[in-house]
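Peer 1: Please read through the structure below; I'll follow up with questions.
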Amino acid sequence: MSASYVPDPRDLLRRLTADGPSMIADLERLVSAESPSADFDALRACREVLADIGTRLLGGKPERLPDDDATGRPGGLLWRTGPSDRPPVLLVGHFDTVWPLGTLERRPFLVSGSRATGPGVFDMKAGLIQGLYALARLREVCAEEPAAAFLVTADEEIGSPCGGALVTEWARGARAALVLEGAADDGALKHARKGWSFYDIHVTGQAAHAGLEPGKGRNALIDLARIVVRLESLTTADGQVTVTPTMAGAGTTQNTVPDHAHVVVDVRAPDTEAQQEVDSSLRRLVAETAQLPFEITGGINRPPLEEASARGPLAVARDCADLLGLAWPGSAAVGGISDGNLCAAAGAPTLDGLGAVGGGAHAEHEWVDLARMPERAALVAALVAALPAD
Ligand SMILES: [Zn+2]
1 MSASYVPDPR DLLRRLTADG PSMIADLERL VSAESPSADF DALRACREVL ADIGTRLLGG
61 KPERLPDDDA TGRPGGLLWR TGPSDRPPVL LVGHFDTVWP LGTLERRPFL VSGSRATGPG
121 VFDMKAGLIQ GLYALARLRE VCAEEPAAAF LVTADEEIGS PCGGALVTEW ARGARAALVL
181 EGAADDGALK HARKGWSFYD IHVTGQAAHA GLEPGKGRNA LIDLARIVVR LESLTTADGQ
241 VTVTPTMAGA GTTQNTVPDH AHVVVDVRAP DTEAQQEVDS SLRRLVAETA QLPFEITGGI
301 NRPPLEEASA RGPLAVARDC ADLLGLAWPG SAAVGGISDG NLCAAAGAPT LDGLGAVGGG
361 AHAEHEWVDL ARMPERAALV AALVAALPAD
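Just so we're aligned, residue 1 is where the sequence shown starts under the numbering used here, counting upward by one.
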């Protein structure tokens, strides 16, 4: 594995540092175009803002990915840079956010010192801006522009029902995948993410009047309760595998023995083996405990991003940080999922958390450290150049 580093990394960082004020202006434009995952018109408007910024920086219009036929959900954007006949380094991002329309009114884009706040600023609009600047300046400093593809989807926050297949497809043919999701604490990169499974367990009983003839009913809620209590035993003592009942419902009226009950269970596991094991254990536990007919829907949703997938790009990132004169931000294993899980499952060496330094994803205090946007963009640019072709 031989890496080819950018000829003058310090020059790359200087250029991106000079871009600082215009990065902030572009970030303000992008955050000011609200883009909740469920609002198609807002998503389309935000997509145009992003396309416009990218076109200005990269000198070419992005490909607009097709809308979903079934739902009309708008597709994302794709930029290709460098030679298109070589396997690209895949940059992955999303422009949808968890914030409903109107959030901006009470919480507009604001800068205070080096901190910017606003809906989606950390997750992950600053990462998108950094990625576009990275590709724009990389082109200026490389004699031969490396092949890259920047895929930006519109539905990551709701589990990538449409974008996920594209991420998988592009990751399959990529040299490596760099995910521009926000960093872990203090800018740490993310070298592992747990896998995610969820289940909906339904129990079917028999309804009866709770006062007149309760004995004739078969109480689905009581049967489900036994299952829920036992589920706790599947969480491992070290907390690596977690099994968490999150939502439940039962019954029809206050005086009827419930003929149905259900619970939703969220499961996280650190590796594929553990994920499959807990899947079988959960199914076995329900079968052994239930006294009434039951059905389990759902299952394994996202495979884990295992540490082995990140090892290669992480080592190259370390070298790049050195060459750029940056302090090594470190790396962390995290519980949350991203499209990075899909990239790793598709076989691409994958490094995540390369986006903005900040915090508070999905929280009211979400923020980004503006002073560190240039260095993060430089790290991504240097990585695109350095990640080896095989
Ligand atoms: Zn995100």
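Here a beta-carbon is modelled for each residue, glycine too, at the ideal position from N, C-alpha and C.
It should be emphasised that the depicted structure is a prediction, and the values quoted were computed from it without experimental measurement.
1) Tell me which residues share the same chain as Val121 and place their Cβ nearer than 8 Å to its Cβ, disregarding the 5 neighbours each side in the sequence.
2) For Ile53, I'd like the list of residues in its chain whose CB is within less than 8 Å of its CB, leaving aside the five on either flank, ordered along the chain.
3) Have a look at Phe95, Val384 and Val141 and flag the residue whose alpha-carbon is nearest the alpha-carbon of Arg413.
4) Where does Pro245 sit, in a helix, a strand or coil, going by DSSP?
5) Does Ser35 pass the burial test, meaning 16 or more other C-beta atoms within 10 Å, or should it be called exposed?
6) Out of Thr236, Ala184 and Leu282, which has the shortest C-alpha to C-alpha gap to Ile337?
7) Using 7 Å as the threshold, is the C-beta distance between Ala154 and Leu58 below it?
8) DSSP beta-bridge partners for Lys125?
9) Tell me, please, whether the region 280-291 touches the region 323-337 by the rule of three or more beta-carbon pairs shorter than 8 Å.
10) Would you decide whether Val380 is buried or exposed? Buried here means 16 or more other CB atoms lie within 10 Å of its CB.
11) Can you give me the Cβ contacts of Arg230 inside the same chain, cut-off strictly under 7 Å, excluding the 5 residues immediately before and after it?
12) Indicate the three-state DSSP secondary structure (helix, strand or coil) for Glu63 in the structure shown.
13) Do you know how far the Cα of Pro88 is from the Cα of Val152?
14) Is it the case that the region 371-378 contacts the region 210-222, given that we only count it when at least three CB pairs across the two stretches are under 8 Å?
15) Tell me which residues share the same chain as Leu292 and place their Cβ nearer than 8 Å to its Cβ, disregarding the 5 neighbours each side in the sequence.
16) Is there contact between the region 242-251 and the region 163-180, where contact requires at least three CB pairs shorter than 8 Å?
Peer 2: On the basis of the data shown:
1) Leu27, Val31, Phe109, Ala356, Gly358, Glu366, Trp367 and Val368
2) Asp26, Arg29, Leu30, Ile129 and Leu132
3) Because residue 413 is not part of the residues shown, which for the chain are 1 to 390, the question remains open.
4) DSSP, read as helix, strand or coil, puts Pro245 in strand.
5) buried
6) Ala184
7) no
8) Bridge partners of Lys125: none, in fact.
9) Counting Cβ pairs under 8 Å, fewer than three are found: no touch.
10) buried
11) Excluding the 5 residues flanking it on each side, Arg230 has same chain C-beta neighbours closer than 7 Å at Leu285 and Thr289, in chain order.
12) strand
13) 15 Å
14) no
15) Exclusion of the five residues before and after Leu292 leaves Val203, Thr204, Gly205, Arg218, Ala220 and Asp223 as the residues of its chain whose Cβ lies within less than 8 Å of its Cβ.
16) no
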